[in-house]
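Reading through the structure tokens given below for one structure.
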Amino acid sequence: MGSMQEYDLVVIGSGPGGQRAAIAAAKLGKTVAVIERGMMLGGVCVNTGTIPSKTLREAVVYLTGMSQRELYGASYRVKDKITPADLLSRTQHVIGKEIDVVRSQLMRNRIELYTGHGRFQDDHTIVVEDPTRAELVTVRGRFIVIATGTKPARPAGVTFDEARVLDSDGILNLSSLPTSMVVVGAGVIGIEYASMFAALGTKVTVVEKRTDMLEFCDPEIIESLRFHLRDLAVTFRFGEEVTAVDIGTSGTVTTLASGKQIPAETVMYSAGRQGQTDHLDLANAGLESDNRGRIYVDDNFTTKVDHIYAVGDVMVPGPAHAAAAVIAAAATVSFAIRVACIITILPDRGDGRRNAGPTPARSNAQAGRTEPTTRVCETLDGTVVGRHSVLPQRGDEAR
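Residue numbers (full-length UniProt numbering): 1 to 399.
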């Protein structure tokens, strides 16, 4: 084992939360080290999560012509036959740029970067294992921040062959666009990818064991979103649970508890996420995780060990969103509003269909729209405590 290096702060994970925590400490003159797995600088957000999925969405909107159909007509497409290579070229370019930004920020703030898997030796000491190095590296921190993020949950009994049955991390590695797909889970990730593949022409069926999707959102807003997704020919199977996924020569068959069977070329699981803490040896630091691998923290993001903190999706309650992770890391939350943006694709609605009761005109640029677009919840003194919207680019406005 090599010599031990000591720091004021050691951060495990370089995603939005870990990165901001490290930089904030460095700007205060503290010595800081960041530990990150190989090829994952920037964390899940940059490599397999927020950045790739949102970039993929923009590529889909552009290549299918959806962003220009109001001008060129409903049949307009930039490219008739879209391939995964078309989508990935833009996605990989953006990922590369983001990784360069993260690396530059760490270097500029004189933060030491260790590549490898970190695990606790005790509550101050972390051993870094890198398969490319012969010896282990040991670092010691007065304070430690755990920002390891999450990974897709994989149910026991389901075989993930990474070609026909995969999770949201592997969806970008498809060799061809499937003609049909079953999406298991109607949470944020499932709905985002369901809308993207439906826009590409894939026949998408969403299976959700709960009675509705995105239950943390306003019911009328969700009804509006569901209506738009059905316009993209997305089929929903609510109140249904998957009991088996069989892989055959021509695709897959998903069996539901009700006995129904859904044939599809591809199955994507997005039924929850698991905290990436299984290799941390938390017990050596006096910590433990819940049944989903997440770590409990208090209002100051402190774990049960007073010099160890957790930020980002790995903490309970977790933000599950990059913008919220940054806020948590900076510890600047002044009141309890949680930011959550679900970036889907809505179909072009230039066909003249309208429901009764359009939005009053006033000075509203959305006047005439009939589906709910924004609902605001406020206290009697006028303090806004919540807002739910379903409109183009609404995520930018939320931030």
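In this text, a Cβ means the ideal position worked out from N, Cα and C, and glycines have one as well.
Remember, it's a predicted structure, so these values are computed and weren't measured experimentally.
Where residue i falls: helix, strand or coil (DSSP)
| i | result |
| --- | --- |
| His93 | helix |
| Ser224 | helix |
| Lys151 | strand |
| Phe197 | helix |
| Ser175 | coil |
| Arg142 | strand |
| Arg77 | coil |
| Asp231 | helix |
| Cys45 | helix |
| Pro16 | helix |
| Asp167 | strand |
| Ala33 | strand |
| Ser53 | helix |
| residue 412 | The question about residue 412 has no answer here: the residues shown for the chain are numbered 1 through 399. |
| Val11 | strand |
C-alpha gap between residue i and residue j, whole angstroms
| i | j | result |
| --- | --- | --- |
| Gln19 | Glu192 | 26 angstroms |
| Leu229 | Ser195 | 7 angstroms |
| Arg110 | Asp281 | 28 angstroms |
| Asp299 | Asp381 | 25 angstroms |
| Gln92 | Ser53 | 11 angstroms |
| Lys260 | Val245 | 12 angstroms |
| Arg37 | His117 | 5 angstroms |
| Val297 | Ala310 | 7 angstroms |
| Arg77 | Phe143 | 53 angstroms |
| Gly73 | Leu56 | 23 angstroms |
| Asp351 | Leu174 | Here the model assigns Asp351 a pLDDT of 37, short of 50, so the residue's position is not dependable, and the following value carries that caveat. Taking the straight line from one Cα to the other gives about 34 angstroms. |
| Thr344 | Val384 | 25 angstroms |
| Arg69 | Lys81 | 17 angstroms |
| Val32 | Thr235 | 49 angstroms |
| Asn284 | Thr379 | 46 angstroms |
| Ser220 | Ala59 | Correcting the residue type first, residue 220 is Glu in the shown sequence and not Ser. Cα to Cα, the separation comes out at about 29 angstroms. |
| His388 | Leu136 | 49 angstroms |
| Phe227 | Phe216 | 18 angstroms |
| Met315 | Ala264 | 35 angstroms |
Residue burial classification, residue i (beta-carbon count within 10 angstroms, cutoff 16)
| i | result |
| --- | --- |
| Asp313 | buried |
| residue 400 | What the structure shows of the chain is the stretch from 1 to 399, and residue 400 is not part of that stretch, so it cannot be assessed. |
| Val127 | buried |
| Thr159 | exposed |
| Thr303 | buried |
| Arg237 | buried |
| Cys377 | exposed |
| Asp218 | buried |
| His279 | exposed |
| Lys151 | buried |
| Ser14 | buried |
| Glu208 | buried |
| Phe120 | buried |
Proximity winner among the options, relative to residue i (alpha-carbon distances)
| i | options | result |
| --- | --- | --- |
| His307 | Ala59, Arg294, Pro317 and Gly286 | Gly286 |
| Glu112 | Gln261, Ile35, Gly96 and Thr374 | Ile35 |
| Ala233 | Glu223, Ile221, Met213 and Phe197 | Phe197 |
| Pro16 | Asp281, Gln92 and Gln105 | Gln105 |
| Thr138 | Thr115, Gly149 and Pro155 | Thr115 |
| Thr374 | Arg77, Asp169 and Ser224 | Ser224 |
| Ala22 | Val297, Ala147, Asp130 and Glu265 | Ala147 |
| Arg108 | Gly386, Ile95, Gly118 and Ala24 | Ala24 |
| Ile51 | His388, Ile189, Glu240 and Arg133 | Ile189 |
| Thr202 | Pro84, Cys45, Val384 and Leu41 | Pro84 |
| Leu256 | Glu265, Thr266 and Gly239 | Gly239 |
| Pro178 | Val94, Lys27, Thr252 and Asn47 | Thr252 |
| Asn47 | Gly141, Gly149 and Arg140 | Gly149 |
| Pro155 | Val242, Thr132 and Val204 | Val242 |
| Met4 | Leu28, His124 and Ala26 | His124 |
| Ala153 | Arg140, Gly170, Ala134 and Val145 | Gly170 |
| residue 404 | Met39, Gly275 and Phe301 | No answer is possible for residue 404: it lies beyond the span of the chain, which begins at 1 and ends at 399. |
Contact test: residue i Cβ vs the ligand MN heavy atom, cutoff 7 angstroms
| i | result |
| --- | --- |
| Ala244 | As presented, the structure is devoid of all ligands, the ligand MN included, so that no description of it is given. |
CB contact check: residue i to chain C, cutoff 8 angstroms
| i | result |
| --- | --- |
| Leu256 | Protein chains in the displayed structure number just one, and chain C is not present. |
- Message: Does the stretch 71–90 come into contact with the stretch 3–11, if we say contact requires no fewer than three beta-carbon pairs (one atom in each stretch) closer than 8 angstroms?
- Response: Result no; under three Cβ-Cβ pairs closer than 8 angstroms.
- Task: Evaluate the contact criterion for the stretch 253–270 versus the stretch 171–185: three or more CB pairs, one atom per stretch, below 8 angstroms.
- Result: Yes, they touch.
- Query: With a cut-off of 8 angstroms, do at least 3 Cβ pairs link the stretch 150–167 to the stretch 246–259?
  - Reply: Enough Cβ pairs lie closer than 8 angstroms, so yes.
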